[in-house]
Each structure stands twice: as structure tokens, then as C-alpha cells.
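Engineer: Sharing a structure here in C-alpha cells format.
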Amino acid sequence: MHDPLETNVNPPKASNPHAYAMLLYRRAVHPEFFGIEARRKMQHGDYEFEGWIFKGGHCVRFQYGAITFCEVVVDNPTSLPDRGLAGTLPCAGEHDHEEKITENITYMTTIQSESL
């Protein structure tokens, strides 16, 4: 009989940060690619933001008029479409990325991974 207070002898494996990648899209990515567990949408004037979290990653979409930009972090980037893909960055190590979307909009991000 298993004691529920007993320490788990086979804890779930931690995800390998070297397998994760951040993909940047200049278009919206369809939700069918993700098993979305939570969603948040916010609007401020003409600016719109939507964020999804799912097992092993997230997707955030920024939209202003006809301009759309998405950041997706996943452990299997090959399962996502190439259409609209602006770039891919590995999530291992440290990376800074800055991209001018329009004259008035610049996307900036920093990736930093740690092993605990």
C-alpha cells in the first residue's frame, strides 16, 4: 500500500531548457497549435494584448491596427508554422533581442536560463 505522505520516488523530469525556443512572428498564431490552459486579453485605446499559457510555454500577441507581433516559447518549435516567422532564439543561456517593427514600435526581450 502506498503512503500518500511518502516522497515521490520518481519525480517528474524537469524540462530541458536547451530544448526550448522563442519564436517571433509578424502575424497572429492560431490557438489550435497549443493546449491553452489560461488566457488573458487586455485593450488600451488602439493597443491590444493577448497572452496564453499552456504546458511548457506561452504565446503573447501584441496588436496595433494592422500591425501584429507574437512571441511564442515552446519546447518543440518544429511543430509550429513557418509562415510569418521573423526569427527563432534558443532559450538556453543569455540572449537580448531588439527588433524595430515600425517607426514607432520596437520589440525588445531578454532570455536568461538557469539550472536550479
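Counting from 14, one number per residue, gives the positions in the sequence shown under my numbering. From the three backbone atoms N, C-alpha and C, an ideal C-beta is built for every residue, glycine too.
1. Taking the C-alpha atoms as reference points, what is the distance between Gly97 and Arg39?
2. Please give the ranges of any beta strand (DSSP E) in the stretch 28-54, keeping only runs that are unbroken, at least 3 residues long and fully inside the region.
3. Would you grab the beta carbon distance between Thr81 and Pro90 for me? Rounded to a whole angstrom, and I think it's under 8 Å.
4. I'd like the span of the beta strand (DSSP E) that includes Gly64, first residue to last.
5. For Met55, which of Phe75, Asp95 and Val87 has the nearest alpha-carbon?
6. Going by alpha carbons, who is nearest to Thr122 out of Val85, Asp59 and Thr115?
7. Restricting to Cα atoms, I'd like to know which of Ile66, Asp109, Tyr33 and Leu129 is closest to Gly48.
8. For Ser126, which of Lys113, Glu116 and Cys104 has the nearest alpha-carbon?
9. Rounding to the nearest angstrom, what Cα-Cα distance links Gly106 and Ala32 in this structure?
Structural biologist: In this structure, then:
1. For Gly97 and Arg39, the gap between their C-alpha atoms comes out near 5 Å.
2. Segments of the beta strand (DSSP E) lying fully in the stretch 28-54: 34-38.
3. No, Thr81 and Pro90 are not in contact; Cβ-Cβ is about 19 Å, not under 8 Å.
4. For Gly64, the enclosing beta strand (DSSP E) begins and ends at Tyr60 to Phe67.
5. When each option's Cα is compared against that of Met55, the closest is Phe75.
6. Nearest option by C-alpha distance: Val85.
7. For the residues Ile66, Asp109, Tyr33 and Leu129, the minimum Cα distance to Gly48 belongs to Ile66.
8. Considering only Lys113, Glu116 and Cys104, the residue with the shortest C-alpha distance to Ser126 is Cys104.
9. Near 12 Å, if we compare the C-alpha coordinates of Ala32 and Gly106.
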